[in-house]
Amino acid sequence: MSLGAHLFLALLEGTVGALVLALTALGLSLVFGVMRIVNVAHGAFFMLGAIVTWYVSTLLGSFLLALVVAPLVVAAVAVVADRLVLRPIGYEPESTIVATIGLLYILEQVVLMVYGPYARPVTAPIYFRVDFPWFGYSGYKLIVGVIAAILLVATWIALARTKLGLYMRATQQDPEIAQAFAVPVGRVYTTAFGAGAGLAAVAGALIVPIQQAHYLMGLDALLLSFVVVILGGLGSLRGTLVAAFVVGLSDGAVSVLFSPTLAKIVATLLVGLVLAVRGRGLFGEEIA
Amino acid sequence: MSQDGAATISRRRFLQAGATAALGAHLPGPWVGRAAAQAEGPLRLGFQVHRTGIGAVYGRWYERATTAAVKLINEKGGIGGRPVEIVAEDDGTDPKRGAEVVEKLAVQHKVDFIFGTLFSHVVIASAPRAGELKIPYIVVSEGYHVASGRLNRYVFQPGITDVRAQVTAVAPWILKNLGKKVTLIFPDYAFGHDHRDFFSRVATAQGGTIRALLPIPPTETSFTKYFPRVPADTEVLYHVMVGPGVLTFVKEMGEHFGARRPQIFGFIDSLEGVDLASAGLEFLEGTYFWEAFPRYAAATMPQHVRFYRERVGVNANGASVNDPRDVSTFSHMFGCWETLFVIKRAVEQSGYKKPGAAAYRAFIETLEGFQSFPEGTEHPQGPKRFVGRLHQVFGQQVVSKVEKRRLTVIHRTAIEDSMYAPEADYTKQPL
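The listed protein sequences correspond, in order, to chains A and B.
With positions in the first sequence counted from 1, the corresponding number in the working numbering is that position plus 920.
With positions in the second sequence counted from 1, the corresponding number in the working numbering is that position plus 25.
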């Protein structure tokens, strides 16, 4: 394969990867931005989305239905977790980290008990192979990229143009003043947590036909989401998007041209560098 | 004052009496019980199993094969007249936890032997602890680490052949039938390194060339980015992968190469626990796999293979009889079954009764003295030759071709094809 073909493959891999990563990381960023908590169980919601997708598309035979049901089910689980676990501990930053680690283990082990240790495939609704002159590429992956992009735009519009989005942005800027202006902060917290989980679940659902549903698949998603969110600036949605593309494209390019292990090293170094030089991330706001 | 003193003394006495009673009631109880039980009671086998972590699919089937074998052994009167009891402990497919599990089984559960570990990095981390505790540790791992001599005299692998032997047996077939320019894709840890080292060695010695070596980190989930590194003039793509990403790996390999694919030879590890009829695996039609034990039932299979499949609960496609989607790790799990029958033979011949230096010496020396195991109910995969100085068993290997989304056996090697010059001699190590 020539250098041009290598670059083209790197670009394809990088873009699709970046879009899915942006969707997952956006959920984490939203939860941190609005609620000021670090949700370690975010990867578990991603995994749960994939598992629910497997169940729905295997039992009911429709992947598209699963794509709708999975985020709803996972958001419901997140809302219950918010009411039963996070609210009683008052969203204390330290306690929340421990509580969400607990949640992560509970979700993983429940899936292991019910669903088992298998990596189970789901058939893609549309499957074709795009045959470029130098190599072939999964057509479904391209579609995943497009759907992820549409969902990202939809989330953006929801945050910028709707009343709920306004409430969320207000709560993010100052919960106390927002409350004084009759923003139902408690309900906004619950909604943000549910929506964050839902975004992770959609990403998980989209990825199943490529990667299979497996109870440990959330770990990778969690780590990369953290990398992206730290790089972009905690709580900054624009930063999350930019960082997802920086990580996704550099990962694609370095993996294809050099080695995938080097790509992971570069991503980690990048985070270290950003933290050292600009602690609040590329687009992060100063936290008072 | 005196009243106070009396009160103190009486309280102290009360506590002492209570403590003595508690000690008397509880501490000696189980000890006495266990000592008596070990002479006459069940033979307790510690089973180090990958119930969670990346080895969980293998672990689940290792457990099923073990349960089936123990049930059969107990139906036929147990080992040396004693019933067998399995004490299973999950190690999370984690090397650090593996060593702790060995310790827990030996010290806390006081089992007679420990067996069943699969993943090579866990074996390598756990085996030294078994050596220190001086308890026989009988692995079902495939890695070359046992036969290489880098472990210790307490570690055996009598139920499954090692990677070096497998590769030595099938490499000539690959070079003769598929091509001489080979690119290897393998997991980047001990098990994969055995493939890299020994396939490269055998292939170059027989006129083949290794075009590229592509190590893949064991936790990788996306593989498309590795395939551009396969040189265009590769004639044979040799792949072996493990872990939950295997189906993605094989699917993405198909997407990348399509009809322009080179000849593909895989180790079935790349698709253990995965249905060959899964969507996206169409391109595997006409490719080849190494198997230890054919997954798909054939009309010609002998009675003891039928019996084994029935007892473990496997249907004609190598999946669970209860759930056709639950595909077994057929080329590996027989190792647990066969290992248990080797333990049975060694215990009965050595007269082993309970843990102790002399009893373990007799057990180990008996095991080292074994030379062959005949094919049959106890060794359904085929006849075996055991090399005592290597602590390693040798057997037949199978090459299968994917035809109509099933594997059909097209070549079976002889035991001699897999034998290599031994490098180690454990029998010279002190006990």
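Using N, Cα and C, we set each Cβ at its ideal position, and we do this for glycine too.
It should be emphasised that the depicted structure is a prediction, and the values quoted were computed from it without experimental measurement.
Notebook entry, point to check: Closest Cβ-Cβ distance between L272/B and chain A: below 8 Å?
Noted result: To locate residue 272/B, count along the second sequence from 1; it is residue 247. At least one chain A Cβ lies under 8 Å of L272/B.
Notebook entry, point to check: Closest to D219/B by CA distance: which of T208/B, W198/B, T77/B, A190/B is it?
Noted result: Counting from 1 along the second sequence, the entry for residue 219/B is found at position 194. Residue A190/B is the option with its Cα nearest to D219/B.
Next item on the list: For the segment 969-989 of chain A, enumerate the residues whose C-beta is nearer than 8 Å to any C-beta of chain B, in chain order.
Entry: none
Note to self: Buried or exposed for I289/B, going by 16 or more other Cβ atoms inside 10 Å?
What the structure shows: One-based indexing of the second sequence puts residue 289/B at position 264. Counting Cβ neighbours within 10 Å, I289/B comes out buried, since at least 16 surround it.
Next item on the list: On a CA-only basis, which of R285/B, H264/B, T354/B, K276/B is nearest F314/B? Give me that one, please.
Entry: For the purposes of this step, residue 314/B is taken as the residue at position 289 of the second sequence. Here the closest residue by C-alpha is H264/B.
Check: Can you list, in chain order, the residues of its chain whose CB lies under 6 Å from that of V999/A, leaving out five sequence neighbours each side?
Finding: Locating residue 999/A in the first sequence gives position 79, where the first residue counts as 1. Only residues of its own chain outside the window of five on either side were considered, and among them T1110, G1114 have a CB closer than 6 Å to the CB of V999/A, listed in chain order.
Note to self: Against chain B, does V1030/A count as a neighbour if the rule is that its beta carbon must be under 8 Å from one of theirs?
What the structure shows: As a working note, residue 1030/A is residue 110 in the first sequence. It does not: the Cβ of V1030/A has no partner Cβ on chain B nearer than 8 Å.
Next item on the list: Starting from Y83/B, follow its DSSP beta bridges and name the residues at the other end.
Entry: Here residue 83/B refers to the residue found at position 58 when the second sequence is read from its first residue. Answer is none; Y83/B lacks a bridge partner.
Next item on the list: Under 9 Å between beta-carbons, which chain E residues line up against R85/B? List them in chain order, please.
Entry: In the structure shown, chain E does not exist; the protein chains are A and B.
Notebook entry, point to check: Just to confirm, are P253/B and H926/A a CB contact at a threshold of 8 Å?
Noted result: As a working mapping, residue 253/B is identified with position 228 in the second sequence. As a working mapping, residue 926/A is identified with position 6 in the first sequence. The answer is yes: Cβ separation under 8 Å.
Check: Under the three-state reduction of DSSP, which class applies to W1076/A: helix, strand or coil?
Finding: Here residue 1076/A refers to the residue found at position 156 of the first sequence. DSSP places W1076/A in helix when its eight states are reduced to three.
Check: With which residues is F411/B paired in a DSSP beta bridge?
Finding: Residue mapping note: residue 411/B aligns to position 386 of the second sequence, counting from 1. F411/B is bridged to V418/B.
Next item on the list: Assuming L929/A and F1055/A form a contact by the criterion Cβ under 8 Å, report the distance between their Cβ atoms to the nearest whole angstrom.
Entry: Taking the first residue of the first sequence as position 1, residue 929/A is located at position 9. Taking the first residue of the first sequence as position 1, residue 1055/A is located at position 135. With 8 Å as the limit, L929/A and F1055/A qualify as a contact, their Cβ atoms being about 6 Å apart.
Notebook entry, point to check: Near V188/B, which residues of its chain fall below 8 Å by C-beta distance, leaving aside the five closest residues on each side in sequence?
Noted result: Taking the first residue of the second sequence as position 1, residue 188/B is located at position 163. Counting only Cβ-Cβ distances below 8 Å, and skipping sequence neighbours, we find E167, G168, Y169, F216, D219, H220, F223.
Notebook entry, point to check: Is it true that the CB of G394/B sits closer than 8 Å to the CB of K409/B?
Noted result: Translated into positions along the second sequence, residue 409/B becomes position 384. Translated into positions along the second sequence, residue 394/B becomes position 369. No, Cβ-Cβ distance for K409/B and G394/B is not below 8 Å.
Notebook entry, point to check: Comparing alpha-carbon positions, which option in V424/B, Y385/B, V367/B, K426/B lies nearest E400/B?
Noted result: Indexing the second sequence from 1 puts residue 400/B at position 375. With distances taken between CA atoms, E400/B lies nearest to V367/B out of V424/B, Y385/B, V367/B, K426/B.
Check: Does E260/B have its Cβ less than 8 Å from a Cβ in chain A?
Finding: Translated into positions along the second sequence, residue 260/B becomes position 235. No, no contact with chain A.
Margin query: As a quick exercise: from E297/B, I440/B, A371/B, pick the residue whose alpha carbon is nearest that of L68/B.
Written below: On the second sequence, residue 68/B is found 43 positions in, with the first residue counted as 1. Comparing Cα positions, the closest option is A371/B.
Margin query: To test your reading of the DSSP string, which unbroken beta strand (DSSP E) runs of 3 or more residues are found completely within the segment 294-355 of chain B?
Written below: Within the segment 294-355 of chain B, the complete beta strand (DSSP E) segments at least 3 residues long are 313-316, listed from N- to C-terminus.
Item checked: Residue interval of the alpha helix (DSSP H) (run including G953/A) -> As a first step, residue 953/A must be located in the first sequence, where it is residue number 33. 923-955 is the extent of the alpha helix (DSSP H) around G953/A.
Notebook entry, point to check: In three-state terms, what does DSSP make of A237/B?
Noted result: One-based indexing of the second sequence puts residue 237/B at position 212. Strand.
Margin query: Considering only the alpha carbon of each residue, which of A995/A, M1088/A, G1036/A lies closest to R956/A?
Written below: By 1-based counting over the first sequence, the position of residue 956/A is 36. If we check each option's Cα against that of R956/A, M1088/A comes out closest.
Note to self: Closer than 7 Å between beta carbons: that is the criterion. Which residues of the segment 1051-1063 of chain A meet it against chain B?
What the structure shows: D1051, F1055, G1056, Y1057, S1058
Note to self: Taking CB distances under 8 Å as the criterion, tell me whether T77/B reaches chain A.
What the structure shows: In the second sequence, residue 77/B corresponds to position 52, counting from 1. Using a Cβ-Cβ cut-off of 8 Å, T77/B counts as an interface residue toward chain A, since at least one Cβ of chain A sits closer than that to its own.
Check: Do F211/B and T364/B have their C-beta atoms closer together than 8 Å?
Finding: Against the second sequence, residue 211/B aligns to sequence position 186. Against the second sequence, residue 364/B aligns to sequence position 339. When the beta-carbon positions are compared, F211/B and T364/B stay at least 8 Å from each other.
Item checked: Classification of A196/B by the beta-carbon crowding that lies within 10 angstroms, buried from 16 upward -> For the purposes of this step, residue 196/B is taken as residue 171 along the second sequence, with counting starting at 1. Flag for A196/B reads buried.
Next item on the list: Report the partner residues of P212/B according to the DSSP bridge assignment.
Entry: Residue mapping note: residue 212/B aligns to position 187 of the second sequence, counting from 1. DSSP, once it has assigned bridges, lists I241/B as partnering P212/B.
Note to self: Taking the straight line between their C-alpha atoms, what separation do you get for R431/B and A945/A?
What the structure shows: Along the second sequence, one-based indexing puts residue 431/B at 406. Along the first sequence, one-based indexing puts residue 945/A at 25. Taking the straight line joining both Cα atoms gives about 41 Å.
Next item on the list: For P1248/A, count neighbouring Cβ atoms within 10 angstroms of its own Cβ and tell me buried if that reaches 16, exposed if not.
Entry: No answer is possible for residue 1248/A: the residues shown for chain A start at 921 and end at 1208.
Margin query: Using only CA atoms, which one of H416/B, V227/B, Q406/B, S151/B lies nearest to V423/B?
Written below: Position 398 of the second sequence, counted from the start, is the residue given in the question as residue 423/B. Among H416/B, V227/B, Q406/B, S151/B, the Cα nearest to that of V423/B is on Q406/B.
Next item on the list: For L48/B, I'd like the list of residues in its chain whose CB is within less than 8 Å of its CB, leaving aside the five on either flank, ordered along the chain.
Entry: Walking along the second sequence from the start, residue 48/B turns up at place 23. No answer about L48/B holds up, because its pLDDT of 44 lies below 50 and its placement is not dependable.
Check: Which same chain residues, not among the five before or five after K205/B, have their C-beta less than 7 Å away from its C-beta?
Finding: As a first step, residue 205/B is located in the second sequence; it is residue number 180 there, counting from the start. Excluding positions up to five away in sequence, the list reads G232, G233, T234, E260.
Next item on the list: Since I believe L943/A is in contact with L1071/A (beta carbons under 8 Å), could you give me their beta-carbon distance rounded to a whole number of angstroms?
Entry: Mapped onto the first sequence, residue 1071/A falls at position 151. Mapped onto the first sequence, residue 943/A falls at position 23. Confirmed, Cβ separation roughly 6 Å.
Next item on the list: Measure the Cβ-Cβ separation of I163/B and F144/B and say whether it is below 8 Å.
Entry: Counting from 1 along the second sequence, the entry for residue 163/B is found at position 138. Counting from 1 along the second sequence, the entry for residue 144/B is found at position 119. Going by C-beta atoms, I163/B is not nearer than 8 Å to F144/B.
Check: What does A190/B pair with, by DSSP beta-bridge criteria?
Finding: To locate residue 190/B, count along the second sequence from 1; it is residue 165. DSSP output for A190/B lists no bridge partner at all.
Next item on the list: For L929/A, decide whether its Cβ has a neighbour in chain B, counting only Cβ atoms nearer than 8 Å.
Entry: As a working note, residue 929/A is residue 9 in the first sequence. Answer yes: the Cβ-Cβ gap between L929/A and chain B drops below 8 Å somewhere.
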